[in-house]
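To keep things clear, I will list the structure first and then write my remarks on it.
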Amino acid sequence: MNDLVMTIAVMVILSVGTAIASRRVPEELRTWVWLGFAEYMGCCAAQQIWTQYVIEGGDTLLYTQRGAILTKYLDLSFSYAGPEVLNMLLQQPSAFDNVRGIIGAGSNTGSMVAAAGFLQYFFNGSATAAQFVTAGASFFAALMLFKALHERQPDLNAKHVFLATVLFPSIAFWTSAILKEAFCSMGIGLVLGCWRYLYAQKYVRALLVGPLGLLLIALFRAPTIPPLALGIALYFVYDRLRKARGSDVVVLGPLYLAVGIFLVVGGLILLSQIDPSLGIDRIGDTMARKQALWASAQGGSNIDDEEDVAPATPLEQLSHVPLALVNALFRPQLFDVHNLPTLVSALEMTFVTYHLVRTVWKTGIRGVLTEIERSPLLLMSTVIAFVGCAFVGLVTYNLGSLARYRVPYLPFYAMFIVFLYRRTQNPLHVVAAPAAAKATTVPVPAVARGGRRSA
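So this is what it looks like as structure tokens:
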């Protein structure tokens, strides 16, 4: 009964939040917001049915069961257990590290167990309510990501951007449960929300959401930081250089470049501090070790490797990047299907592959490069999607895991396709680019003070 009551209370709160969010988007998107909410809640229900009653296992069930152990300690004495569970969440030494049944101490797995423990405690032991509130938080983070990207490129069809960032089936499914991808996606939404607020000169809001978003990414999917930092840095540099005129390019160009380098290097340093095994001097060995583990694992979803040997040297790693991208961006396909989840994922990727090949065929490589040259946002999306998916493809030899691990990069991959699709629908829009460029040369502060955001 408690589980039902708490779950109903969560659904009511999330519905109110969705009603408020729907009033803050254009009228044409309000129904779409509710559609997104229904999708995330439906995916959450599907996750619970699949893990609890069909396969009777899976990561989300593991985290909630192990987290329930911590919930019992929190119920007994929150003043004692609370700080210790928080230490586990932050991957610091904790009194619960060696408690029987607790796993992953000092890693993102331990952070997941601690997060599950806190969530179940706050919802009076209800694992179902904890799952649905996670799905709701992921949904609102996706809305934040949608607003951030669409405001940077308002000439894109809003519904297409919404489909790419919120309604994409894999994103909704894998972020609608207590999983690392859900918390990482929340972090990405908050970081991009901070990015949006900085352009609008809403510095207090940026300060509130930015550090929290970065913390979530660092705790649950730290390797996402470098692709994200690189993409944002390239956007900043290229956007500023395109808006600079005459001598300003010579004077300000090096400054913009320095800021971009600072963002990338800062991201790499932060990553090495969070996990030394991901530092520049050790990343090659770490990747080789993970590849060897996947290569030695057996399973129906394993990606076939002709050599059965994981690449070891940096040169061998680079030679595997094309295949890694193919696996991460296009698989599973229908020939990979061997169970129901793979079938669903294969249908989705077949649809994506068809539209990508079709748009690239119509646009041509020159058209793709022209689109990237015209849009800093497309440059950012392309870099985040392809760099991130290359790493995922290199270290993941299992189709089921690959479908999950690439989720943080899927919104940017979908944005890449949306940009190219626009060109196939209206190839003449390139002619109007000079006029549009002049319209966007208004300084950002001036636009922000006027209550409007620049493209």
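Throughout the sequence shown, residue numbering follows my numbering, covering 951 to 1405 in sequence.
Note that the Cβ used here is the ideal one computed from N, Cα and C, for glycine as well.
query                                                                                                                                                                                   : result
Would you kindly work out how many angstroms separate the C-alpha atoms of residue 1016 and residue 1010, rounded to a whole number?                                                    : 10 angstroms
Along the chain, where does the alpha helix (DSSP H) containing residue 1190 start, and where does it finish?                                                                           : 1175-1193
Under the three-state reduction of DSSP, which class applies to residue 1037: helix, strand or coil?                                                                                    : helix
Nearest chain B C-beta to residue 1096 closer than 8 angstroms, yes or no?                                                                                                              : Note that chain B does not occur in the displayed structure, where there is just one protein chain.
What residue range is occupied by the uninterrupted alpha helix (DSSP H) comprising residue 1131?                                                                                       : 1130-1149
Have a look at 1303, 1325, 1101 and flag the residue whose alpha-carbon is nearest the alpha-carbon of residue 1193.                                                                    : 1325
Given that a residue counts as buried once 16 or more other Cβ atoms are within 10 Å of its Cβ, and exposed if not, what is residue 1366?                                               : buried
Ends of the alpha helix (DSSP H) at residue 1015?                                                                                                                                       : 1009-1026
Can you list, in chain order, the residues of its chain with a C-beta nearer than 7 angstroms to that of residue 1310? Leave out the 5 residues immediately preceding and following it. : 1318, 1370
Do residue 1128 and residue 1081 have their C-beta atoms within less than 8 angstroms of each other?                                                                                    : yes
Please confirm whether residue 1109 and residue 982 have their CB atoms less than 8 angstroms apart.                                                                                    : yes
Consult DSSP for residue 1409 and reduce its assignment to one of helix, strand or coil.                                                                                                : Because the chain spans 951 through 1405 in this model, residue 1409 falls outside it and cannot be assessed.
Put residue 1289 into one of helix, strand or coil per three-state DSSP.                                                                                                                : coil
Between the Cα of residue 1357 and those of 1373, 1340, 1002, 1100, spot the shortest distance and give me the residue it belongs to.                                                   : 1340
Got a sec? Which residues, its chain only, sit under 6 angstroms from residue 1250 by beta carbon, not counting five neighbours each side?                                              : Bear in mind that the predicted position of residue 1250 carries a pLDDT of just 48, short of 50, making it too unreliable to give a figure here.
Sort 1012, 1087, 1027 by Cα distance to residue 1054 and report the nearest one.                                                                                                        : 1012
Count the other CB atoms, across all protein chains shown, that sit within 10 Å of the CB of residue 1056; report buried if there are 16 or more and exposed otherwise.                 : exposed
Taking 8 angstroms as the cut-off, decide whether the C-beta atoms of residue 1008 and residue 1001 are in contact.                                                                     : yes
How do the segment 987-1001 and the segment 1074-1093 stand: do at least 3 beta-carbon pairs fall below 8 angstroms, yes or no?                                                         : yes
Quick one, are the C-beta atoms of residue 1154 and residue 1143 less than 8 angstroms apart?                                                                                           : no
May I ask you to report which of helix, strand or coil DSSP gives residue 1043?                                                                                                         : coil
Alpha carbon to alpha carbon, how far is residue 952 from residue 1180? Give it in angstroms, no decimals.                                                                              : 46 angstroms
Throw me the rounded Cβ distance for the residue 1004 and residue 1020 pair, which I believe falls under 8 angstroms.                                                                   : With a Cβ gap of about 26 angstroms, residue 1004 and residue 1020 do not count as contacting.
For residue 1030, count neighbouring C-beta atoms within 10 Å of its own C-beta (all shown protein chains included) and say buried if the count is 16 or more, exposed if not.          : exposed
So, at 6 angstroms on beta carbons, what are the nonlocal neighbours of residue 1023 in its own chain, with the 5 sequence-adjacent residues on each side left out?                     : 1031
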